[in-house]
Amino acid sequence: MGSYVSKGISVAFTGDLSGTLTAELLDIKLDAQKTDQVEVTHQASADAFKEFLSGFSDGQSITLALNFDSDNVRPAAGESGTLVITLPFTTATKKTLTITCNVEEVGDMDAALGAKMAESIKFKINGKPVWS
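Residue numbers (our numbering): 10 to 141.
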């Protein structure tokens, strides 16, 4: 997603410890979804093949490139909270995406934008995202 497409999209992360970070979305990257295959082979397993249990899905990670004021609150890695992404389109039926997540990785800050800071923050999704 380029910056033209994301222009005007606002992001707010309310953490359990740090408070609320409000920012403008510059770019977004969603990791591939994975489903774990847990080995459940035991002595009563038939044949010489291992048995696996499927269906435990990984909630993925989402990396957001953000632009925010330097006096804004920054969450710490490992902090849990709620991420709210709001689209600027007034005609959209559903324009707010709410995600329960925790901060997986906090990137380096870049002050090249003057009074605003740019930073990439990676969030680990813990629950099903909800559109409203």
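For every residue, glycine included, the Cβ atom is placed at its ideal position computed from N, Cα and C.
Under 8 Å by Cβ, that's how I've got Ser70 and Glu113 pegged, so tell me the actual separation to the nearest angstrom. Correct: roughly 6 Å between the Cβ atoms.
Would you tell me roughly how many angstroms separate the C-alpha atoms of Gly68 and Gln46, rounded to the nearest one? Each residue's alpha carbon lies about 15 Å from the other.
Could you say which of Phe22, Lys16, Ile18 and Asp56 lies nearest to Cys110 if we only look at CA atoms? Nearest neighbour of Cys110 by Cα position, chosen from Phe22, Lys16, Ile18 and Asp56, turns out to be Phe22.
When Ile37, Phe65, Asp36 and Lys38 are compared against Glu48, the one with the closest alpha-carbon: Answer by Cα proximity: Phe65.
Under DSSP, the beta strand (DSSP E) around Ala21 begins and ends at which residues? From DSSP, the beta strand (DSSP E) with Ala21 extends over Ser19 to Gly24.
When the Cα of Gly24 is compared with those of Thr72, Gly136 and Ala85, which residue comes out closest? Residue Ala85 holds the alpha-carbon nearest to the alpha-carbon of Gly24 among Thr72, Gly136 and Ala85.
Please report how far the alpha carbon of Phe77 lies from the alpha carbon of Pro97, in whole angstroms. So the two alpha carbons sit approximately 17 Å from each other.
Val139 classed as buried or exposed, judged by whether at least 16 other C-beta atoms fall within 10 angstroms: Result: exposed.
Leaving out the 5 sequence neighbours to the left and right, which residues in its chain are closer than 6 Å to Thr95 when beta-carbon positions are compared? Taken in chain order, the residues that qualify are Ser19 and Thr105.
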